[in-house]
Amino acid sequence: MSEREAKFPALLAELRPHCERLIAQYERKRSALLPIVHLFQEREGYVSHEAMRAVAAMLDLTPAEVESTVSFYTLFFRRPIGKYLIQVCRGLSCSINGAPEVMARCRERLGVGHLGTTADGLFSYEEVECLAACDRATCAQVNLEFVYDLTPAAVDAMLDDLRAGTATVRPLVQTDPPGAIWSIRQDEQVATGTKALGSRGVTNPNNAGGVGDAAGLIMLDRIVNKTVSFHEATRERAVRDSRAVRDVVEEEEAQAHAGH
Amino acid sequence: MPVTKVLTDGIGEVDLRDLAVYRARGGYRQWERAVRELQPADVLAAAETSGLRGRGGAGFPTGRKWSFLPTDKHVRYLVCNCDEAEPGTFKDHMLLEEAPHLVLEGILLGAYGIACHHAFIYIRGEFKRGYEIFVRALEEARQAGLVGSNVFGSGFDIEVTAHRGAGAYICGEETGLLNSLEGKRGEPRLKPPFPAIEGLYGAPTVVNNVETLAYLVPILEKGANWFASVGTERSKGYKIVSVSGHVQKPGNYEIALGTTVREIIEIAGGLRPGRRLMAVQPGGGSSACIFEEHLDLPYDYESMAKAGSMLGSGAFVVFDDTTDFVAAAYNMVRFFAHESCGQCTPCREGGHWIETVLARLVRGEGIEGDDAMMLRVAGTITGLNLCALGDSIEPFLKSVLVRFPDAFKARIPSAAPASAVAS
Amino acid sequence: MADNAVNVTLTIDGVPVTVPKGTLLVEAAKTVKQEIPVYCYHPKLGPAGLCRVCLVDIEGMPKLQIACNTPAADGMVVHTRNDKVDAGRAMILELLLVNHPLDCPICDKGGECDLQDYAMAYGRGSSDLVDPKTRKPKGVDLGPTIVLDEERCVVCQRCVRFDDIIADERQLVLKDRGVRDIIATSTGDPYRHNFTGNVTELCPVGALTSKTYRFKSRPWDLQRTQTTCTQCAVGCQMFSDVRYGVPLRTMSVEHDAISDGWLCDRGRYNIGFYDSAERIVQPLYRRNGTFVQIGWDDAFTLWGKALREALRARGPEAVGAIGGGRLTNEEAYLLQHLTRAVGSANLDWRAGLARQATPGAKGGTLAALDRAQAIVTIGEPLRERAPVLWLRILKAVRRGARLIAAATPAEAAAQCAGLAPIALVWDGVDPALGAAYDGAFAGFAEVATFIASEQGNARGAEAMGMLPAFGPGYAAVAPGRGTRAMLEDARAGRLRVLSILGANPAAYAPNAAAEALDALEFTVVSELFMTETAARATLVLPARGPLEKSGTTLNLTGDLLPLHASLQAPEGTLADLEMLIGLAQQLDVELPSAEDLERAVIAHAAKLPTGFGLGDARFDDGPSVAPPPHVHRTIFDGAGTAAHDPRLTSLRALEVGV
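Residue numbers (my numbering), protein chains in the order written: chain S, -8 to 251; chain R, 448 to 870; chain Z, 63 to 720.
So, in structure tokens, the structure goes:
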């Protein structure tokens, strides 16, 4: 159990009164979903699995319903992200006013692409749709605080300030170390491939029947080995494809930016 | 015609976030007058007489929208749409951050106008700062007895809840917004039923844009006829235009409707020296471009529609001759594909397909027939979608593709004629 | 309500049509035999407006409209085919195929796929697509029953809506958005409940597939037989699809009156046991403590001899029979006929917890359940006991009915005050409880009662007279001994020969039952597998399963439903009917002719059982004894066989969690 997981019950107890106040603002409980998820994300840095389950219990929903809703919104992070989230506007007005140069400098300085997190876990980087500050192109947000009139030189200064800790923007909470990929664009199943059928030896509870129960494992064994005969080729393809998707996604993003 | 100051009055000069400052300039006086002296029907009548049309994009007459509410249902809601995300639009963002009390007073008047007791404002997730400013203003107003039960001793109860989104353009679509406000995926709903009949929590609901509601304040103050006396025949009053792109002084400018396109460009400082105007996108990402020959058209709902475009949200993006229109088209279509909720086939698949083709064109890997395919697909899906997002893919793409065909042809490796590159 | 009575008249493709106001165009078009293609729309799920393929042209409307969400209106002129409509539909199909993998040659759905069919009927025949398709994971393991191919998914959300609206499980949802939309469960959770298989049928393409059927067959190679599911008392209508003698899958039948078009996973997937290697395929006779294989002639001789000797030596009280709940009506009728013909009234179908299967005078129909304003459930959860009945209850709840599971009968009655009609659904286990509810609701005007018993043909067995106190058609007779009493008699040495056909009493109270069976002189058990009871038998007769025989069955509301054999039974097995005919010859008992038997079954099944209510004393057979935890009653009482289908291993775990 990670430190964050260990602390989760205490966090839940602490936030519960706040959640109840949020729920009371609405005629129906479920309306409080977005505000409550925001609340947990602020405290954990991302929307953890535990948080989604807790929210489901609070709002009389299934965990699947909560996850479905959370996955719809780009500002909910289902994976840990960096302490500074830099979101550069790629809207049309910014794009014809220097955004491509600003984005190129960010990528170069951070050494990551769109939706990437730096290896030190300090920065996550994203190119986002119009931020409604087109008169101050190129605009961006750092931890949702607006930054206006960005130029490559201003990017340098901004990143230096953030790294040196001299910027006014506060870092995000980081309770788990971020991985290289964090966006909703890469669903767990796609990114990790753990859901692919027939990967032998995978005892992921998602697989075949189980929640770790013996029946599930027996079932898994039977599927993999003999009783339910999947074509060998198909099985291999499933594994391969689920890995390939991640590559395709990344390639698409890269292509998109090569164009701009 | 000069820039006027109605909603923008005081912005950038005084701190309108301060309740005392706002009240000293006459703030909340219309709210007080409404609940003390007027009937909801009076507010509705003012909205109707003023000719105020929705400032969020669709331009639907506000009074008429309110009048669709069934009279026999008493639980009803007003939702202020502050999910401003239409590319090029940045007026609500400004109003929210600079004049939160004006926004709130507009909401209160709107709520009174439809006789509802619980109003919401749905604030775009990215506007975290704006949300905090508004919530502070709301709390101040609550402390001052402007919001809550029995305001000004009138017996009228009104609750206002600020709700922050989490990153989804489609939540600006009114039924997507209602789903999001109900804690669901922001997917637009199948219509009918329309929100006026079955909206939030199944109750009759009006969704109005921030700017629309804010105009109720000066309309009540100066009279509906004052508002109706400005503008053109079917486009009354004022409008904040968000001018950006290739102009020297981009910004929000409040103008009387009917000001010409040329005047708006001039108000925003004109083009950079030595540059030639190629196109203007006059009404947000969903609008088609207009061109040089349209410069003297009045900027109003009818004229823009007549020119094959629309006034939309008042996002006014100017393009000069440095613009790469293939990249611009790609940018626009990518936006709609990225923001498609994915529910309905034409928008989900069509948008993504065209985006893929445009990305290839941008890379210079076009093939013969790409242009025809894009026009065919974008054109055929228009009108087949569940909501307006999918219908928004075609206008900009088609307008630049038809106007600048050579720019697209130039991206086909083998077939690029030397003369085409210059355009 | 007055509005509903009003009809509207419109024109569809030039044909005037009159339909009730509110009818959707997609339904109205069916009246002129005009097909409108749909993916997301489903009559049971309602309109969703997602796929946009059901486009029609309505005069006076500039844009094409979707037929699934447009109600018919007076004077409307609708064209379901013209150039405009065809162009719109062709575009939708072209778009659906843009990212579809077109792996039809290896797709289970190939040949019965709406995407194939509509692409053929309305598609353009070619595509301008030159760019690569979006790749998504294939073969995603959703849970014990279902595999998802995300590339094939057309995001119609039928499965999502089924899980929400019909099954009330909300486990399957849409994740992400736009072109990356995928169907998924909550991360880490398997898709697992009692109705998952239905999504494979709802899926208009090959995205959701059953693990048991994946890559097994082309649909046109299947031999299809319509029959009745016997695994619980609902009697769902289903197709049994067989290839080379192997039941590859079962599919639901659109039968609104019984199953409403659904099947539960137990009924759908519990078919793997038929070709299990562990099936008994030859009569077994216990000699010196071990079973030896014998021929059928010897088996009949031994059985007949044992009975004749017991009758001669000790009289009719020394013989008895248990069975019927898992037999056909015909078999149950013959079993009681034979037993009563030799003078014994020791017969009973009850071998488990249930005590009563026929609700009596106030017994309701499934249609009555649809009208109920309050539904009171008594006893075990119905979701597992009578799954598809539970779906019908959920449907009533969606319509506004109150679902009540109260602590006491009085409390339930209080909650029902002022509501009518009321439905009482009892599990038939505790007669005192049943009687208490009967009493508590005696004063209510409109009460319909239901008993969701644990065996598929429990009510049929009762109607055919397999009860100690009732003859065929619930005729009152001089009572004999019931199951519990027979086992007592066995222990006391009063009962000498017991014939058990399709029942497993030793699974319950194993020690007491085992002791009783061991004390018998001669025990005959007809079974498919070596159950706890068969293991104690003197003679084990290899029986046939429900898909291997024809006949009729009676469901919990008294509907007489047909069984049609779809499988060739293994060599060496006989249907219980054939066994009883063989025994009759040994005993010189004259059996009714086939025609007389059919007439008797129909007549007795149609008898309205009056004169008793829930928990009537005549059904008393002493207190029910809970089985040990390893006995998965609801699945295994159905056919007594699921233990022998490895594919159901994980489904069994589902039941334990109940």
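Beta carbons are placed, not taken as given, at the ideal position from N, Cα and C, and that holds for glycine.
Return the CA-CA distance between residue i and residue j, expressed in angstroms with no decimal places.
i, j, result
"Z:Asn617", "Z:Ala627", "18 angstroms"
"Z:Gly535", "Z:Ala668", "8 angstroms"
"S:Val119", "S:Gly82", "7 angstroms"
"Z:Gln15", "Z:Met528", "Past the boundaries of the shown model lies residue 15 of chain Z; chain Z is included only from 63 to 720, so the question cannot be answered."
"R:Thr829", "R:His799", "15 angstroms"
"R:Glu479", "R:Gly501", "24 angstroms"
"Z:Thr274", "Z:Gly240", "32 angstroms"
"R:Lys631", "Z:Cys298", "35 angstroms"
"Z:Thr57", "Z:Pro632", "Any answer about residue 57 of chain Z is impossible in this case: the structure gives chain Z only from 63 up to 720."
"Z:Val94", "Z:Arg286", "29 angstroms"
How would you label residue i, buried or exposed, when you count the other beta carbons within 10 angstroms and need 16 or more for buried?
i, result
"Z:Met123", "exposed"
"S:Ser59", "buried"
"S:His9", "exposed"
"Z:Arg417", "buried"
"R:Phe404", "Here chain R covers residues 448 to 870 and nothing more, so residue 404 of chain R does not appear."
"Z:Gln630", "exposed"
"S:Leu153", "buried"
"R:Phe515", "exposed"
"Z:Arg349", "exposed"
For a contact defined as C-beta to C-beta under 7 angstroms, what are the partners of residue i on chain S?
i, result
"R:His785", "Glu120"
Suppose contacts are defined by Cβ-Cβ distances below 8 angstroms. Is residue i in contact with residue j by that definition?
i, j, result
"R:Glu533", "R:Gly732", "yes"
"R:Leu718", "R:Ala588", "no"
"R:Tyr569", "R:Leu525", "no"
"Z:Val79", "Z:Ile98", "no"
"S:Cys121", "R:Gly535", "yes"
"R:Leu660", "R:Gly759", "no"
"R:Gly619", "R:Asn528", "yes"
"Z:Leu486", "Z:Val438", "yes"
"Z:Met300", "Z:Gly329", "yes"
"R:His610", "R:Phe567", "yes"
"Z:Ile244", "Z:Lys198", "yes"
Going along the chain, which residues of its own chain have a beta-carbon closer than 7 angstroms to the beta-carbon of residue i, five neighbours each way excluded?
i, result
"Z:Ala646", "Leu400, Leu653"
"R:Ala591", "Leu466"
"S:Ala171", "Gly107, Thr108"
"Z:Leu284", "Asp303, Val304, Arg305, Leu310"
"Z:Leu87", "Val118, Ala129, Thr132, Ala134, Val140"
"R:Thr770", "Met725"
"R:Met751", "Pro729, Gly730, Met757, Leu758"
"S:Glu103", "Reading the sequence as shown, one finds Val at residue 103 of chain S and not Glu. Cβ neighbours of S:Val103 beyond the five flanking positions: Thr109, Tyr116."
I want to verify the contact list: residues of chain R whose CB lies under 9 angstroms from the CB of residue i, in sequence order.
i, result
"S:Leu135", "Gly572, Glu573, Phe574, Lys575, Arg576"
"S:Cys125", "Pro534, Gly535, Thr536, Phe537, Ser689, Val690, Ser691, Gly692, Pro697, Ala762, Val764"
Starting from the beta carbon of residue i, find every residue of chain Z whose beta carbon is closer than 7 angstroms, and list them in chain order.
i, result
"R:Gln790", "Leu112"
"S:Ser39", "Simply none; closest approach about 11 angstroms."
Taking 7 angstroms as the line, does the beta carbon of residue i fall inside it for any heavy atom of the ligand ATP?
i, result
"Z:Leu529", "Among the components modelled here there is no ligand, and therefore nothing to report on the ligand ATP."
Below 7 angstroms on C-beta distance, what does residue i contact in chain R?
i, result
"Z:Ala269", "Here the premise fails: no neighbours, minimum Cβ distance about 15 angstroms."
"S:Ala128", "Ser691"
For residue i, which residues in chain A fall below 7 angstroms Cβ to Cβ?
i, result
"Z:Lys125", "The displayed structure is made up of protein chains S, R and Z, and chain A is not among them."
So residue i contacts chain Z; which residues on that side make the cut at Cβ distance below 8 angstroms?
i, result
"S:Ser(-7)", "Correct list: empty, because the minimum Cβ distance to chain Z is about 15 angstroms."
"R:Thr827", "Ala149, Gly150, Met153"
Under 6 angstroms Cβ to Cβ from residue i, same chain only, skipping five residues before and after it: list those, please.
i, result
"Z:Tyr347", "Val354, Ile356, Leu601"
Run through chain S and tell me which residues come within less than 9 angstroms of residue i, C-beta to C-beta.
i, result
"R:Glu629", "Tyr17, Arg19, Arg21, Ser22, Leu24"
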